[in-house]
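A short worksheet on the structure shown next.
2 protein chains.
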Amino acid sequence: MPRYTAPVRDMQFVLHDVLKVGEAGIPGYDDLDPATTRAILSEAGKLAQDVLAPLNRVGDAQGCVLRDGTVRTPDGFGAAFEQLRDGGWTALDCDPAYGGQGLPCLLATAVAEILSAANMALNMYQGLTHGACNAIQAHGSAAQKAMYLPPMIRCEWGGTMNLTEPHCGTDLGLIRTRAEPRDDGSYAITGTKIWISAGEHDLCDNIIHLVLARLPQAPEGVKGISLFLVPKILVNDDGTLGARNALACTGLESKMGIHGNATCVMAYEGATGWLVGAPHQGMRAMFTMMNEARLGVGLQGYAQGEVAYQNARDFARDRLQGRAATGSATPDRPADPIIVHPDVRRGLMDQKALTEGARAFVFWGASLIDRARRCDDAQAEALISLLTPVIKGFLTDKGFETCVLAQQTPGGAGFTRDLGLEQFVRDARITMVYEGTNGIQSVDLVGRKLAADGGKPLMAFFDLVKDFIAQASGDAAFDAQFLSPLKAASGDLQTAAMFFLNKGMTSPNDALAGSYDFMHLFGHVCVGLMWSRMALAAHQGMEAGENADFLTAKLDTGRYYMARHLPATKLHLARIESGAAPVMALDEAAF
Amino acid sequence: MPRYTAPVRDMQFVLHDVLKVGEAGIPGYDDLDPATTRAILSEAGKLAQDVLAPLNRVGDAQGCVLRDGTVRTPDGFGAAFEQLRDGGWTALDCDPAYGGQGLPCLLATAVAEILSAANMALNMYQGLTHGACNAIQAHGSAAQKAMYLPPMIRCEWGGTMNLTEPHCGTDLGLIRTRAEPRDDGSYAITGTKIWISAGEHDLCDNIIHLVLARLPQAPEGVKGISLFLVPKILVNDDGTLGARNALACTGLESKMGIHGNATCVMAYEGATGWLVGAPHQGMRAMFTMMNEARLGVGLQGYAQGEVAYQNARDFARDRLQGRAATGSATPDRPADPIIVHPDVRRGLMDQKALTEGARAFVFWGASLIDRARRCDDAQAEALISLLTPVIKGFLTDKGFETCVLAQQTPGGAGFTRDLGLEQFVRDARITMVYEGTNGIQSVDLVGRKLAADGGKPLMAFFDLVKDFIAQASGDAAFDAQFLSPLKAASGDLQTAAMFFLNKGMTSPNDALAGSYDFMHLFGHVCVGLMWSRMALAAHQGMEAGENADFLTAKLDTGRYYMARHLPATKLHLARIESGAAPVMALDEAAF
Chain A
1 MPRYTAPVRD
11 MQFVLHDVLK
21 VGEAGIPGYD
31 DLDPATTRAI
41 LSEAGKLAQD
51 VLAPLNRVGD
61 AQGCVLRDGT
71 VRTPDGFGAA
81 FEQLRDGGWT
91 ALDCDPAYGG
101 QGLPCLLATA
111 VAEILSAANM
121 ALNMYQGLTH
131 GACNAIQAHG
141 SAAQKAMYLP
151 PMIRCEWGGT
161 MNLTEPHCGT
171 DLGLIRTRAE
181 PRDDGSYAIT
191 GTKIWISAGE
201 HDLCDNIIHL
211 VLARLPQAPE
221 GVKGISLFLV
231 PKILVNDDGT
241 LGARNALACT
251 GLESKMGIHG
261 NATCVMAYEG
271 ATGWLVGAPH
281 QGMRAMFTMM
291 NEARLGVGLQ
301 GYAQGEVAYQ
311 NARDFARDRL
321 QGRAATGSAT
331 PDRPADPIIV
341 HPDVRRGLMD
351 QKALTEGARA
361 FVFWGASLID
371 RARRCDDAQA
381 EALISLLTPV
391 IKGFLTDKGF
401 ETCVLAQQTP
411 GGAGFTRDLG
421 LEQFVRDARI
431 TMVYEGTNGI
441 QSVDLVGRKL
451 AADGGKPLMA
461 FFDLVKDFIA
471 QASGDAAFDA
481 QFLSPLKAAS
491 GDLQTAAMFF
501 LNKGMTSPND
511 ALAGSYDFMH
521 LFGHVCVGLM
531 WSRMALAAHQ
541 GMEAGENADF
551 LTAKLDTGRY
561 YMARHLPATK
571 LHLARIESGA
581 APVMALDEAA
591 F
Chain B
1 MPRYTAPVRD
11 MQFVLHDVLK
21 VGEAGIPGYD
31 DLDPATTRAI
41 LSEAGKLAQD
51 VLAPLNRVGD
61 AQGCVLRDGT
71 VRTPDGFGAA
81 FEQLRDGGWT
91 ALDCDPAYGG
101 QGLPCLLATA
111 VAEILSAANM
121 ALNMYQGLTH
131 GACNAIQAHG
141 SAAQKAMYLP
151 PMIRCEWGGT
161 MNLTEPHCGT
171 DLGLIRTRAE
181 PRDDGSYAIT
191 GTKIWISAGE
201 HDLCDNIIHL
211 VLARLPQAPE
221 GVKGISLFLV
231 PKILVNDDGT
241 LGARNALACT
251 GLESKMGIHG
261 NATCVMAYEG
271 ATGWLVGAPH
281 QGMRAMFTMM
291 NEARLGVGLQ
301 GYAQGEVAYQ
311 NARDFARDRL
321 QGRAATGSAT
331 PDRPADPIIV
341 HPDVRRGLMD
351 QKALTEGARA
361 FVFWGASLID
371 RARRCDDAQA
381 EALISLLTPV
391 IKGFLTDKGF
401 ETCVLAQQTP
411 GGAGFTRDLG
421 LEQFVRDARI
431 TMVYEGTNGI
441 QSVDLVGRKL
451 AADGGKPLMA
461 FFDLVKDFIA
471 QASGDAAFDA
481 QFLSPLKAAS
491 GDLQTAAMFF
501 LNKGMTSPND
511 ALAGSYDFMH
521 LFGHVCVGLM
531 WSRMALAAHQ
541 GMEAGENADF
551 LTAKLDTGRY
561 YMARHLPATK
571 LHLARIESGA
581 APVMALDEAA
591 F
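Going down the list, the sequences are from chains A and B.
The numbering of the first sequence is UniProt numbering, which starts it at 1 and goes up by one.
The numbering of the second sequence is UniProt numbering, which starts it at 1 and goes up by one.
Structure (structure tokens):
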């Protein structure tokens with residue numbers, strides 16, 4: 001049975017030593033003193049460890065069951081969800097005007113990592129509700145906010161996003177679901193949506209569906225899509241529940257993982273809905289919340305990596321096989337623990353370096369969202385928009401890779417359900433797919449974000465790296481181990497960006513053929529930057545006489561990343577520079 | 001429902017145009033004329049497509065069931081296994097003296113790819129029997145061979161290998177299973193074995209277990225292990241079945257994949273067995289057959305990649321989403337098929353280039369086994385011993401990667417059980433683990449194979465690459481696209497090998513910390529060599545006026561591999577040269 005312990009200390013290090021939230025000058029960050037964040041994260045950790053993690057395998061084994069239109073979640077999910085709700089964990093960064101606690105996105109992000117690592121399928125129910133709240137908060141009318149947000153923020157009611165249809169997922173311009181206006185200002189929504197996570201379940205009294213649909217005579221393609229709010233149970237003016245709406249879950253997907261989360265086929269048969277925002281502005285409404293939603297998926301990826309790593313590490317400490325090549329480490333035992341073997345360590349170091357680097361990257365991203373929102377900082381908004389596809393695409397690829405590496409640590413036992421590592425692999429796999437496949441992330445990055453605002457956000461990123469290197473430089477060993485490789489990697493990224501900017505105009509396929517490698521190249525530079533920032537913080541901490549063992553481990557792990565992962569930028573650059581020809585040469589019939 | 005079509009033409013290309021079996025001068029290869037191999041492969045393909053492939057999902061969904069010591073295989077497996085048996089598919093390369101067909105290992109390998117791609121779990125039942133036959137053939141007495149081989153070669157009886165125990169897998173020196181001699185020359189075998197693939201099932205009348213155990217007063221460690229033949233049902237002198245032996249399947253593992261193959265816990269309780277080979281020579285007996293067994297696992301890896309690729313490709317041709325960046329490819333349809341998008345093609349090209357390169361590599365390996373055996377060629381034996389850990393470790397990693405890439409092609413649908421791609425991922429995952437984890441393969445490569453015979457096999461490999469480059473050189477485009485990158489990659493491999501040979505004596509951890517990267521570096525050079533050989537064959541074929549479309553596709557795919565995969569050698573070299581320090585620095589307590 002896998003275990004999970006919240007990495008509170010590592011999180012505290014990122015919050016206070018790396019991001020230095022106390023000095024960030026972002027409204028609301030003053031409340032985030034070390035004692036407060038430690039208390040909140042530890043409390044979340046307790047819930048995660050004692051309540052959510054033990055249900056993770058239960059959820060996987062039982063899955064969700066659809067009967068007569070109702071979805072039963074796995075045993076124990078209901079009670080655990082109540083604890084999440086009653087503890088106020090669903091409302092951390094929501095608007096106090098509607099019952100939220102008004103805490104920064106950064107703190108909610110740290111808590112989300114803990115809850116998601118412990119039980120991704122269960123935590124998705126509240127994560128999706130949170131996303132729907134954000135959309136209503138940003139685009140709903142005052143009346144809609146007043147009616148729907150308070151129970152949704154408390155997670156008494158759930159929320160969903162309905163985009164995909166059987167014939168279209170990525171290409172939302174093909175959507176067929178119709179919205180017919182009625183005399184009372186509502187709309188009759190008709191169509192079929194698939195892939196609706198948490199579309200129907202027994203954890204909440206009501207479910208508020210946000211549905212993309214077309215108004216009559218809407219323009220073709222994505223410019224003719226509007227967003228509608230469609231409750232499972234209609235809500236009376238006084239907020240009490242009324243009649244059942246004309247919608248139903250007609251099927252559940254049988255999936256590779258996240259069995260505890262219901263992935264629904266939803267049929268809308270003239271269901272009553274209300275327009276959210278302006279007509280034909282549905283895509284805009286969806287995209288407003290995309291940065292935070294995609295950051296949340298990047299988080300899910302490395303959160304599964306974290307829990308997988310913890311269990312692989314424990315196995316490697318306990319399991320006795322073979323002897324260390326440099327002489328037995330434990331001669332009194334029949335064999336040494338496998339953690340003495342260099343190749344086992346190599347796997348564990350990969351897992352550790354990737355996960356801790358990813359955490360720092362995501363926390364930094366969350367702090368950019370806070371800065372953009374709370375300081376109305378357009379530069380921070382532009383930067384997080386640029387980084388969002390990297391966070392989502394790179395970190396979910398690496399999170400899945402981390403789970404596969406962790407599964408490999410115990411050998412055969414990693415393939416069994418008992419040890420539970422294989423579930424982390426299966427659950428993490430979806431993060432590379434949903435909220436826009438990672439291929440789509442890379443196209444968004446190269447096709448849209450790279451040249452946004454004349455390339456200014458990208459230039460700002462390079463300046464930020466340059467400034468960091470200039471400020472941090474001085475110690476010869478630090479320069480050699482961190483700053484030089486970071487500079488080289490950032491140089492590779494610049495070369496690749498120039499290649500795209502030059503080719504993009506005349507030969508879009510040259511850019512698109514290298515988009516995936518560019519996303520990874522960018523990801524490595526970002527994580528390399530974060531490891532350099534962590535190493536600098538560790539140096540500073542050691543000079544200040546803080547815990548040397550903990551900080552030495554950070555430096556060692558950072559050196560590992562810089563020496564063994566960051567050189568991948570050269571490979572990605574070589575692939576990018578090979579251009580479109582190798583990718584596009586083959587005739588379609590020859591595949 | 002996934003489909004499978006045997007890639008007969010691609011196989012014929014490797015057999016006849018690349019390996020040129022007709023000119024190889026290996027006894028038995030004269031029979032392998034193109035018409036004969038085409039007929040055999042097509043026939044195997046029919047069986048695979050019509051009978052085995054449709055049962056692949058059935059096997060996954062139903063799994064195996066243990067009741068009262070008996071394992072029931074999934075519906076249809078029994079009838080399909082009978083067709084395998086009756087068609088003579090289990091006896092292709094077995095000794096004609098015992099009812100085999102005496103065909104080369106190479107042809108059996110090509111057939112095994114087809115059967116394994118269609119239904120890995122089902123085909124394992126005969127693959128394991130084949131391995132047990134090989135061990136008996138090599139080490140059994142004349143009487144043992146006469147009694148056991150004929151029904152095993154016909155697969156009326158199954159066979160297994162029993163190595164792992166609950167407390168030891170990789171480190172077989174820790175084995176505790178005992179063998180007590182009895183007066184009649186038999187032994188009483190007592191102990192528990194785990195991970196026994198096909199340890200109990202209903203496909204065969206009897207199962208012959210080969211079991212590693214210790215004789216009384218055996219030396220400690222691996223030098224005190226002997227091999228025993230332990231039938232499920234004792235065999236009378238006339239070959240008829242007698243009493244049930246004192247052994248039982250006491251449990252089935254619940255696993256991530258290959259659900260249709262029973263992974264058994266086996267309890268031996270004073271079971272009657274017979275010594276195979278000399279006392280204390282059990283490890284030697286196991287290792288004799290290791291090259292072929294590990295080649296078989298490397299094959300399983302890319303075979304799953306092949307079937308995954310076929311289904312991803314079909315999806316990419318059918319699914320309409322978005323428009324080509326260079327202008328619509330099919331303006332009459334609501335959207336273009338996703339195969340027009342460069343990033344979708346990138347994924348498909350990765351899958352295709354890896355799979356076809358892997359096939360050529362494995363076929364080459366099988367031809368080396370044939371040459372070693374049939375020509376008693378010590379150099380071929382030494383070369384395949386060197387390459388075996390690369391074939392097993394690199395090709396199963398890449399086979400799994402191919403399945404994950406294929407699963408990504410359809411986006412969300414790839415995560416569903418319906419499409420079936422997720423099963424290929426789960427099934428392929430085991431190949432990285434069993435028959436020695438890939439980490440162990442890398443340690444075998446660097447710790448044992450690299451310096452074997454003073455490094456002569458390694459030098460012979462480099463000479464082989466050099467000679468090929470010298471002979472093939474001449475055409476400027478071919479040199480630039482294939483031979484130069486191959487030469488550079490081979491140079492990286494030499495640099496890495498020198499690093500290890502220099503460090504190996506004084507600092508084993510420096511070699512072991514880079515072993516995994518070395519295995520991958522080596523794998524890339526081998527597959528780069530095979531793509532160069534395929535490209536040369538394609539050039540020659542085109543000059544001879546053969547099918548230009550097919551050969552052009554080979555050249556295009558080869559160029560893709562050389563341009564976009566082979567540069568990975570530089571990354572692996574950089575990691576290797578970073579040495580042991582980054583890997584070993586962290587204190588065990590700091591993980």
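The beta carbon of each residue, even a glycine, is placed where N, CA and C say it ideally should be.
In terms of residues, what are the limits of the beta strand (DSSP E) holding Trp274 of chain A?
Reading the first sequence from its first residue, position 274 is the one you call residue 274 of chain A. Here the beta strand (DSSP E) through Trp274 of chain A covers Thr263 to Val276.
Once the 5 residues before and after Val276 of chain B are set aside, which same chain residues still bring their CB inside 6 Å of it?
Counting from one through the second sequence, the residue named residue 276 of chain B turns up at place 276. Only His139, Gly140, Leu227 and Leu229 meet the Cβ criterion.
With contact counted as at least three CB pairs below 8 Å, one residue from each stretch, are the stretch 304-323 of chain B and the stretch 409-416 of chain B in contact?
Verdict: yes, contact present.
Against Trp195 of chain B, what residues of chain C qualify as contacts under a CB-to-CB distance less than 8 Å, listed in chain order?
Here the protein chains are A and B, and chain C is not one of them.
When you compare the CB of Ala283 of chain A with every CB in chain B, is at least one pair closer than 7 Å?
Working through the first sequence from its first residue, we reach residue 283 of chain A at position 283. The sequence shown places Met at residue 283 of chain A, not Ala. Chain B contact via Cβ: absent.
What runs of the beta strand (DSSP E), each 3 residues or longer, lie entirely inside the stretch 139-179 of chain A?
DSSP runs (the beta strand (DSSP E)) wholly in the stretch 139-179 of chain A: 157-162.
Would you say Asn206 of chain A reaches chain B, if we count a Cβ-Cβ gap shorter than 7 Å as a contact?
In the first sequence, residue 206 of chain A corresponds to position 206, counting from 1. Answer no: the Cβ-Cβ gap between Asn206 of chain A and chain B never drops below 7 Å.
Report the residues of the stretch 422-433 of chain B with a CB closer than 7 Å to any CB of chain A, ordered along the chain.
If the cut-off is 7 Å between Cβ atoms, the stretch 422-433 of chain B has Glu422, Arg429, Ile430, Met432 and Val433 near chain A.
Have a look at Asp50 of chain B and Tyr4 of chain B and give me their C-alpha separation to the nearest angstrom.
Here the question's residue 50 of chain B lines up with position 50 in the second sequence. Here the question's residue 4 of chain B lines up with position 4 in the second sequence. Near 9 Å, if we compare the C-alpha coordinates of Tyr4 of chain B and Asp50 of chain B.
What beta strand (DSSP E) runs, 3 residues minimum, are completely inside the stretch 168-247 of chain B?
Those beta strand (DSSP E) runs which fall completely within the stretch 168-247 of chain B and span 3+ residues are 178-181, 187-197, 206-213, 226-231, 233-235 and 241-244.
Using 10 angstroms around the beta-carbon of Pro181 of chain B, count the other beta-carbons present and answer buried if the total reaches 16, otherwise exposed.
Numbered from 1 along the second sequence, position 181 holds the residue referred to as residue 181 of chain B. Pro181 of chain B is exposed by the Cβ-count criterion.
With a CB to CB cut of under 7 Å and the five nearest residues on each side skipped, what residues in its chain are close to Asp60 of chain A?
Residue 60 of chain A sits at position 60 when you count from the first residue of the first sequence. Cβ neighbours of Asp60 of chain A beyond the five flanking positions: His259, Gly260 and Gln423.
Assuming Gly455 of chain B contacts Leu512 of chain B under a Cβ cut-off of 8 Å, what Cβ separation, rounded to an integer in Å, is found between them?
As a first step, residue 455 of chain B must be located in the second sequence, where it is residue number 455. As a first step, residue 512 of chain B must be located in the second sequence, where it is residue number 512. No, Gly455 of chain B and Leu512 of chain B are not in contact; Cβ-Cβ is about 18 Å, not under 8 Å.
Given 8 Å as the limit, is there contact between the stretch 436-453 of chain A and the stretch 391-400 of chain A, that is, 3 or more CB pairs closer than that?
Verdict: yes, contact present.
Give the interface partners of Ala535 of chain A over in chain B, defined as CB-CB distance under 9 Å, in chain order.
The residue labelled residue 535 of chain A in the question sits at position 535 within the first sequence. By Cβ distance, chain B contributes nothing, its closest Cβ being about 13 Å from Ala535 of chain A, past 9 Å.
So, do the stretch 259-274 of chain A and the stretch 186-201 of chain A have three or more beta carbon pairs nearer to each other than 8 Å?
Touching, yes.
For Cys133 of chain B, does the three-state DSSP call read helix, strand or coil?
Translated into positions along the second sequence, residue 133 of chain B becomes position 133. Helix, per DSSP.
Between the C-alpha atoms of Glu306 of chain B and Pro150 of chain A, what's the straight-line distance to the nearest angstrom?
Taking the second sequence and counting its residues from 1, the one referred to as residue 306 of chain B is at position 306. Taking the first sequence and counting its residues from 1, the one referred to as residue 150 of chain A is at position 150. Between Glu306 of chain B and Pro150 of chain A, the C-alpha separation is close to 52 Å.
Between which two residues does the beta strand (DSSP E) containing Glu65 of chain B stretch?
Translated into positions along the second sequence, residue 65 of chain B becomes position 65. Reading the sequence as shown, one finds Val at residue 65 of chain B and not Glu. Looking at the DSSP string, the run of the beta strand (DSSP E) that includes Val65 of chain B is Val65 to Arg67.
Here's the rule I'm using: 16 or more other beta-carbon atoms within 10 Å means buried, otherwise exposed. How should Asn502 of chain A be labelled?
Within the first sequence, residue 502 of chain A is the residue found at index 502, counting from 1. Asn502 of chain A comes out exposed.
Just the C-alpha distance for Ala406 of chain A and Met161 of chain B, rounded to the nearest angstrom, thanks.
For the purposes of this step, residue 406 of chain A is taken as residue 406 along the first sequence, with counting starting at 1. For the purposes of this step, residue 161 of chain B is taken as residue 161 along the second sequence, with counting starting at 1. Each residue's alpha carbon lies about 27 Å from the other.
Beta-carbon within less than 8 Å of Gly420 of chain B's beta-carbon, same chain only, minus the 5 sequence neighbours each way: which residues are those?
As a position in the second sequence, residue 420 of chain B is number 420, starting the count at 1. Taken in chain order, the residues that qualify are Met1, Pro2, Asn56, Arg57 and Asn311.
Leaving out five residues before and five after Ala285 of chain B in sequence, what residues of the same chain have Cβ atoms less than 8 Å from its Cβ?
Position 285 of the second sequence, counted from the start, is the residue given in the question as residue 285 of chain B. Closer than 8 Å at the Cβ level, and outside the excluded window around Ala285 of chain B, lie Ala135, Ala138, His139, Leu227, Val276 and Gly277.
Threshold first: 4 residues or longer. Then list the alpha helix (DSSP H) segments lying entirely within the stretch 69-117 of chain A, N to C.
Entirely contained in the stretch 69-117 of chain A, the alpha helix (DSSP H) runs reaching 4 residues are, in chain order, 77-86.
Between the C-alpha atoms of Lys570 of chain A and Ala488 of chain B, what's the straight-line distance to the nearest angstrom?
Along the first sequence, one-based indexing puts residue 570 of chain A at 570. Along the second sequence, one-based indexing puts residue 488 of chain B at 488. Approximately 15 Å, taken between the alpha carbons.
For Leu174 of chain B, return the contacting residues in chain A, with the cut-off set at a CB-CB distance below 7 Å.
As a position in the second sequence, residue 174 of chain B is number 174, starting the count at 1. Per Cβ cutoff of 7 Å: Pro334 and Ala335.
Mind listing which residues of the stretch 486-520 of chain A have their C-beta closer than 9 Å to chain B's C-betas, in chain order?
Correct list: Ser507, Pro508, Asn509, Asp510, Ala511, Leu512, Ala513, Gly514, Ser515, Tyr516 and Asp517.
Contact check, Arg214 of chain A vs Ile175 of chain A under 8 Å by CB: the rounded distance?
Counting from 1 along the first sequence, the entry for residue 214 of chain A is found at position 214. Counting from 1 along the first sequence, the entry for residue 175 of chain A is found at position 175. Between Ile175 of chain A and Arg214 of chain A the Cβ distance is about 6 Å, and since that is below 8 Å, they are a contact.
From the beta carbon of Gly169 of chain A, is the nearest beta carbon of chain B less than 7 Å away?
Along the first sequence, one-based indexing puts residue 169 of chain A at 169. Output row for Gly169 of chain A: interface = yes.
Going along the chain, which unbroken runs of the alpha helix (DSSP H) with 4 or more residues stay wholly within the stretch 1-65 of chain A?
Runs of the alpha helix (DSSP H) inside the stretch 1-65 of chain A: 8-12, 34-47 and 56-62.
Is the separation between the beta-carbon of Cys526 of chain A and that of Phe361 of chain A shorter than 7 Å?
For this step, residue 526 of chain A is matched to residue 526 along the first sequence. For this step, residue 361 of chain A is matched to residue 361 along the first sequence. Yes, Cβ-Cβ distance for Cys526 of chain A and Phe361 of chain A is below 7 Å.
Specify the secondary structure class of Leu536 of chain B as computed by DSSP and reduced to three states.
Residue 536 of chain B sits at position 536 when you count from the first residue of the second sequence. DSSP places Leu536 of chain B in helix when its eight states are reduced to three.
What do you reckon, is the C-beta of Leu212 of chain A under 6 Å from a heavy atom of the ligand MN?
Within the structure as shown, the ligand MN is missing, as the structure has no ligands at all.
Who pairs with Leu252 of chain A in a beta bridge, going by DSSP?
Taking the first residue of the first sequence as 1, we reach residue 252 of chain A at position 252. According to DSSP, Leu252 of chain A bridges with A:Cys264.
Take Ile391 of chain A and list the residues in its own chain whose beta-carbon comes closer than 7 Å to its own, dropping the five residues that flank it on each side.
For this step, residue 391 of chain A is matched to residue 391 along the first sequence. Only Arg294, Leu295, Gly298, Phe361, Val362 and Gly365 meet the Cβ criterion.
Do the CB positions of Ala358 of chain A and Glu113 of chain A come within less than 7 Å of each other?
For the purposes of this step, residue 358 of chain A is taken as the residue at position 358 of the first sequence. For the purposes of this step, residue 113 of chain A is taken as the residue at position 113 of the first sequence. It is not a contact, given that the beta carbons lie outside the stated cut-off.
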